[in-house]
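Trainee: Sharing a structure below in structure tokens format, with a few things to ask.
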Amino acid sequence: MQQPKAQRKKINSMKRILILNGPNLNMLGQREPEIYGTHTLDDIETLCDQKAKALDFKIDFRQSNHEGELVDWIQMALKGYDGVVINPAAYTHTSVAIHDALKLLKIPVIEVHISDPAKREAFRHHSYVASVATQTIAGKGIAGYGEALETLNKLLNS
Ligand code: CA2
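Numbering (this note's numbering), first residue to last: 56 to 213.
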């Protein structure tokens, strides 16, 4: 059944945000609570749903363990999306492919990390994503995702 016209109009005018999560984040909450806390990826999705509702955003929340799938989804954001939030996980420190795909986008991209990679092992210190991201939020736990959506709200309304 079709939704009422006013509701369709509202949905069509809402900003569409793609939220991408990289490898192993589906296992969050199962190890290293001292680094990542005890929240799961489902908790992050719930947090994002609540924040999106408050900001009138329509979100598309995804996770993949595969670099190519993340690249496909970033390319998908070329059409019909207003912003991207991405936690590329380990691909942050290795992926020129994700760097190149994000570089294609003309919409704001917020890089999020639950931990602060700069305070961890040396191999986590370089991000291939930071130079193509509008902003990076790190070390704020899962609250960083909420902050990323608030940042996009400010950027898209300024
Ligand atoms: O702090 C972050 O959000 C990271 O992107 C998380 C990645 C790590 O490789 C980055 O350096 C920083 C790791 C994601 C996997 O996380 C798990 C944590 C606990 C249990 C299972 C997976």
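Even for Gly, the Cβ is constructed at its ideal location relative to N, Cα and C.
1. Answer yes or no: do N142 and H168 have a C-beta to C-beta separation smaller than 8 Å?
2. Under the DSSP definition of a beta bridge, which residues are partnered with D104?
3. Where V164 and A198 are concerned, what is the direct C-alpha to C-alpha distance, given to the nearest angstrom?
4. Compare the C-alpha of D171 against each of A144, D98, K158 and name the closest.
5. Between L133 and I153, which are expected to be in contact by the criterion C-beta below 8 Å, what is the C-beta distance as a whole number of angstroms?
6. Residues in the same chain with beta-carbon distance under 6 Å from A188, minus the five sequence neighbours each way, listed in chain order, please.
7. In whole angstroms, give me the CA-to-CA distance for H181 and D155.
8. Considering Cα atoms alone, identify which of T149, R71, S119, Q57 is closest to Y136.
9. Rounded to a whole number of angstroms, what is the C-alpha to C-alpha distance between N212 and L110?
10. Taking the alpha carbon of V151 as the reference point, which residue from A185, M131, V140, K174 has its own alpha carbon closest?
11. I'd like to know whether the C-beta atoms of K113 and M69 end up nearer to each other than 8 Å.
12. Which residue marks the beginning of the beta strand (DSSP E) containing T191, and which one marks its end?
13. Consider the C-beta atom of H80 and the heavy atoms of the ligand CA2; say whether any pair is separated by less than 7 Å.
14. Going by Cα to Cα distance, which pick from I90, V139, L96, K195 is closest to N79?
Mentor: Inspection of the coordinates gives the following:
1. Yes, the Cβ-Cβ distance between N142 and H168 is below 8 Å.
2. Partner(s): none; D104 has no beta bridge.
3. In a straight line, the C-alpha of V164 is about 17 Å away from that of A198.
4. Ranking the options by Cα distance to D171, first place goes to A144.
5. Between the beta-carbon of L133 and that of I153 there is about 15 Å, and that puts the pair past the 8 Å contact cut.
6. Here the set comprises V164, E166.
7. Approximately 16 Å between the Cα atoms of the pair.
8. Selected option, being the one with the closest Cα: R71.
9. Distance between the alpha carbons of N212 and L110 is about 11 Å.
10. Among A185, M131, V140, K174, the Cα nearest to that of V151 is on A185.
11. Yes. Within cutoff.
12. 190-193 is the extent of the beta strand (DSSP E) around T191.
13. As written in the sequence, residue 80 is Leu, which differs from the His given in the question. Taking 7 Å as the cut-off, the C-beta of L80 counts as close to a heavy atom of the ligand CA2.
14. Checking every option, the nearest Cα to that of N79 belongs to L96.
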